[in-house]
Amino acid sequence: MLKKLATTVLFGVMAVITFAQLEPEKKRKGRPDIPGTFMVEYGFNWFTRPPQDLNKGFWGSRTLNLYYQYDKQFGSSQWSVHSGIGFGLERYKLQSFVKRFSNDTIKVSTPTLHIDASGNTRFISSGAVLYGDTTRAATKSMFITNYVDVPIEFRFTANPNDPAKSFKAAIGGRFGVLLNAQTKLKYREDGEVKKLKDRQDFNLNQFRYGAYGRVGVGNVYLSFYYNFSDLFKAGKGPDGTATSNYTITLSLVSF
């Protein structure tokens, strides 16, 4: 479904560009005359309250946001509003978690997510899934969530007459709908590298909402996203933990 939506968006953009090229207009220099802007963001994720003392890998826990925004300036002022739509693609590299007993704790390496008999989401050993043996584990474990997001922000531009070189600051909100989620295990078997994917919602909230801010110069920003909504449904997440997430990204704007 994600590929179909991405393909639809891509063909829509190509159609707009093709139509614009066919119109009998005089040649323009500089920025293409396409309404709005495209934003590409790459960054890293953190949990606000890591469930079951989850330890995640920094480099593998990353975000890619692909947003189209329509820009509207308030007259000739330094303020503008930017509404948009796009995809928020998030990954978490799962390295270990702590399994608690009444009188002991055990650190489990390379876990994955699992729905237990009560219908609750839990972390378990990847070895239990792959081999039925907790003494072995996958070489890599990923948890993946993909959203369709609707961001809207109010932006200040110090010099609206030269936005390509001007200081900018923005604050906004984001609403998202879960597109799909999956876990992915990478392991070796009979000398061959294999992958096992499990696609389901894992009791994730179907909607997310939060706020963000960004500062930058020209078309480059440093952005901070914070989700107010819990990642999992109430009481259904790992160990019943109510956790959310936040993200820091480097943002690049085109057009």
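For the sequence shown, position 252 matches number 273 in the working numbering, and the numbering has no gaps at all.
Idealized CB from N, CA, C, for every residue including glycine.
Could you give the distance in angstroms between the alpha-carbon of ALA255 and the alpha-carbon of SER97?
-> Sequence index remark: in the sequence shown, residue 255 carries index 234 (1-based). Sequence index remark: in the sequence shown, residue 97 carries index 76 (1-based). The alpha-carbon atoms of ALA255 and SER97 are separated by roughly 47 Å.
Should ALA159 go down as buried or exposed, given a rule of 16 or more other Cβ atoms within 10 Å for buried?
-> As a first step, residue 159 must be located in the sequence shown, where it is residue number 138. Buried is the call here.
Inter-residue Cα distance where the pair is PHE188 and ARG235 | Counted from its first residue, the sequence shown places residue 188 at position 167. Counted from its first residue, the sequence shown places residue 235 at position 214. PHE188 and ARG235: Cα-Cα distance of roughly 11 Å.
Relative to the alpha-carbon of ALA191, which residue among TRP100, GLN73 and ASN201 has its alpha-carbon at the smallest distance?
-> For the purposes of this step, residue 191 is identified with residue 170 of the sequence shown, where counting begins at 1. Of the listed residues, the one whose Cα sits closest to ALA191 is TRP100.
Does DSSP classify LEU151 as helix, strand or coil?
-> Residue numbering aside, residue 151 sits at position 130 when the sequence shown is read from its first letter. If DSSP states are grouped into helix, strand and coil, LEU151 belongs with the helices.
Okay, do the region 202 to 217 and the region 242 to 250 touch, 3+ Cβ pairs below 8 Å being the bar?
-> no
If we count the other Cβ atoms within 10 Å of its Cβ and call it buried at 16 or more, is TYR208 buried or exposed?
-> For the purposes of this step, residue 208 is taken as residue 187 along the sequence shown, with counting starting at 1. Classification for TYR208: buried.
Identify, in the order they occur along the chain, each residue of the same chain with its Cβ nearer than 8 Å to the Cβ of ASN226, setting aside the five sequence neighbours on each side.
-> On the sequence shown, residue 226 is found 205 positions in, with the first residue counted as 1. Contacts found: LEU199, SER250, ASP251, LEU252, PHE253 and LYS254.
For GLY234, the three-state DSSP class (helix, strand or coil) | In the sequence shown, the residue the question calls residue 234 occupies position 213. Here GLY234 sits in strand by DSSP.
Can GLY197 and VAL169 be called in contact, C-beta distance under 8 Å?
-> For the purposes of this step, residue 197 is taken as the residue at position 176 of the sequence shown. For the purposes of this step, residue 169 is taken as the residue at position 148 of the sequence shown. In contact: GLY197 and VAL169 (Cβ atoms closer than 8 Å).
For my contact list, GLN21 and THR262 are in at a C-beta cut-off of 8 Å; report their separation, rounded to the angstrom.
-> Residue 21 is absent from the structure shown; the chain starts at 22 and stops at 276.
Would you mind listing the beta strand (DSSP E) stretches within the region 68 to 119 that are 3+ residues and don't spill past its ends, in chain order?
-> 76 to 78 and 83 to 94
C-alpha gap between THR84 and ILE127, whole angstroms = If you number the sequence shown from 1, residue 84 lands on position 63. If you number the sequence shown from 1, residue 127 lands on position 106. Taking the straight line joining both Cα atoms gives about 30 Å.
C-alpha gap between ILE278 and ASN66, whole angstroms | For the chain, the structure presents residues 22 to 276; residue 278 sits outside this window and is missing.
Closest by CA to VAL129, which one among ILE136, PHE118 and PHE122?
-> Here residue 129 corresponds to residue number 108 of the sequence shown, with the count starting at 1. Considering only alpha carbons, the answer is PHE118.
Does the region 100 to 111 touch the region 173 to 180, meaning 3 or more C-beta pairs lie closer than 8 Å?
-> yes
Compare the Cα-Cα distances from ASN224 to each of GLN116, SER139 and ALA149 and report the closest residue.
-> Indexing the sequence shown from 1 puts residue 224 at position 203. Closest by alpha carbon: SER139.
Classify ASP251 as helix, strand or coil using the three-state DSSP reduction.
-> The residue you call residue 251 lines up with position 230 of the sequence shown. If DSSP states are grouped into helix, strand and coil, ASP251 belongs with coil.
Specify the secondary structure class of GLY261 as computed by DSSP and reduced to three states.
-> Numbered from 1 along the sequence shown, position 240 holds the residue referred to as residue 261. Note: GLY261 maps to helix in three-state DSSP.
Take the Cβ of THR156 as the centre, count every other Cβ of all protein chains shown within 10 Å, and call the residue buried at 16 or more, exposed below.
-> Residue 156 sits at position 135 when you count from the first residue of the sequence shown. THR156 should be labelled exposed.
Could you tell me if GLY64 is buried or exposed, where buried requires 16 or more neighbouring beta carbons within 10 angstroms of its beta carbon?
-> Within the sequence shown, residue 64 is the residue found at index 43, counting from 1. By the 10 Å Cβ count, GLY64 comes out buried.
If you follow the beta strand (DSSP E) that SER146 is part of, which residue opens it and which one closes it?
-> As a position in the sequence shown, residue 146 is number 125, starting the count at 1. Start and end: 142 to 146.
Relative to the alpha-carbon of ASP211, which residue among SER265, ASN266, TYR152 and PHE228 has its alpha-carbon at the smallest distance?
-> If you number the sequence shown from 1, residue 211 lands on position 190. Closest by alpha carbon: TYR152.
Hey, how far is the Cα of LEU43 from the Cα of PHE59?
-> Within the sequence shown, residue 43 is the residue found at index 22, counting from 1. Within the sequence shown, residue 59 is the residue found at index 38, counting from 1. With a pLDDT of 48 at LEU43, under the threshold of 50, the modelled position of this residue cannot be trusted, and the question is left open.
Indicate the three-state DSSP secondary structure (helix, strand or coil) for GLU44 in the structure shown.
-> Taking the first residue of the sequence shown as position 1, residue 44 is located at position 23. Note that GLU44 has pLDDT 47, beneath the 50 cutoff, so the model's placement of it is unreliable and the number below is only indicative. Three-state DSSP puts GLU44 in coil, outside helix and strand.
Looking only at its own chain, which residues have a Cβ that is under 8 Å from the Cβ of GLY57, when we skip the five neighbours before and after it?
-> By one-based count along the sequence shown, residue 57 stands at place 36. Correct list, in chain order: TYR89, GLN90, TYR91, ASP92, GLY105 and PHE276.
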